[in-house]
Structures are given as C-alpha cells and as structure tokens.
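In this note's numbering, the protein residues as written are 2 to 176.
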C-alpha cells in the first residue's frame, strides 16, 4: 500500500521555506507577506539562510560614545573599528599634528558614532550581511578601557588629562 505525502504549506517567496496555510509570516527568514498568492513564487535564496541576530542601535551608540571604534567592533566591522581607533589615537597623542587638532579629535569621534549607528541600522534592515556576533576585539578593548578606569580610581593615575585623550567624553566634560 503506497503512502502519499501531502504538503503542509507553500514555499516562502523570500527564502523558500515551507509556510503553513493561512500564515502571513515566514518563521525561517522572519519576513511578512500580505498576499497568499505570493507564496508560490520562486525563491531566489537558499532555504537554509536565516537571520542570526540583529544589532541594537542604542548599544552601538553607547559603545561609540565611550570609546572610538567600539561601536564598529560591536557591529562586526573589525577593520573599520581599527581604522577609527588608530586614527583617533594618532590625533589624540599628537602622532599627527595639525592646526585642526581639536576639530579632528571630535570629528573622528562623531563620525565613528554616526557610522556605528548607520551600520546597525543597515544590519537591522538586512541591507548588509552580519555574521551573528561582535568582533573579538570588542571584548579586548573593553577590558583595556576598564583597566584604565580602574587604575585611575584606585591610584589616581592616569590623570584626567590622559583619560581625556583616551575617552573623548571625558575631554568634552573637562572643557
């Protein structure tokens, strides 16, 4: 006696996964569709692709506010984070001198903050691929920044002037 398999749903037009009849949301790719007739459209992506996670824009902004490059590391942009951090350190510790030192100091900080927010928005709108986790440099940089702050509170060294070179918000607060 032959058994007949009956399909329990239709294919999602975005990822090709099976969607039960009457549903307007794909549980695999997390996309909504409004018309049931869309469900038999040919798929352009592999059925095993799915969204791993999204980025919280406010976390990215807070990290970028604390230290230049941290928001990029959080969004998985390791090379951008390194570029922002090295550029900021070069300006902050006078490796590069120019008459626009203060403008570049705050400019790099604000551009890094804006880029981290923009990148998180692009990740959340699925306009840019995301591997599902932050760069490992994020945790290393947070440890270094935490060590600097702990040393300051325990010993008074480094001074606030030095902290202002590492943390742009401290320099802004000091005036």
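Note that CB positions come from ideal geometry on N, CA and C, so glycine has one too.
Given the structure is predicted, the values throughout are model-derived calculations rather than measurements.
Nearest residue (CA-CA) to residue i, options the options
i           : options       : result
residue 171 : 145, 110, 128 : 110
residue 139 : 61, 164, 15   : 61
residue 115 : 164, 69, 150  : 69
residue 145 : 168, 161, 156 : 168
Extent of the continuous beta strand (DSSP E) run through residue i
i           : result
residue 117 : That residue, residue 117, is in no beta strand (DSSP E); its alpha helix (DSSP H) goes 102–125.
residue 19  : 19–21
Residues near residue i in its chain [Cβ-Cβ closer than 7 Å; skip 5 each side]
i           : result
residue 132 : 77
Exposure label - residue i; buried when at least 16 CB within 10 Å
i           : result
residue 142 : buried
residue 85  : buried
residue 28  : exposed
residue 47  : The predicted position of residue 47 is uncertain, since its pLDDT is 48 and thus under 50; a value taken from the coordinates is nonetheless stated next. It is exposed - the Cβ of residue 47 has fewer than 16 other Cβ atoms within 10 Å.
residue 130 : exposed
residue 88  : buried
residue 162 : exposed
residue 148 : exposed
Whether residue i touches residue j by CB criterion (7 Å)
i           : j           : result
residue 113 : residue 75  : no
residue 117 : residue 176 : no
residue 15  : residue 32  : yes
residue 83  : residue 91  : no
First through last residue of the alpha helix (DSSP H) which encompasses residue i
i           : result
residue 65  : 58–67
residue 89  : 79–93
residue 169 : 169–175
residue 144 : 137–156
residue 72  : 71–75
Contacting residues, own chain, Cβ-Cβ under 8 Å from residue i (five flanking each side not counted)
i           : result
residue 166 : 93, 94, 172
residue 58  : 118, 121, 122, 125
residue 152 : 158, 159
Neighbourhood of residue i by C-beta, 6 Å cutoff - its chain only, sequence neighbours within 5 removed
i           : result
residue 26  : 33
residue 105 : 92
residue 13  : 20, 27
residue 81  : 73
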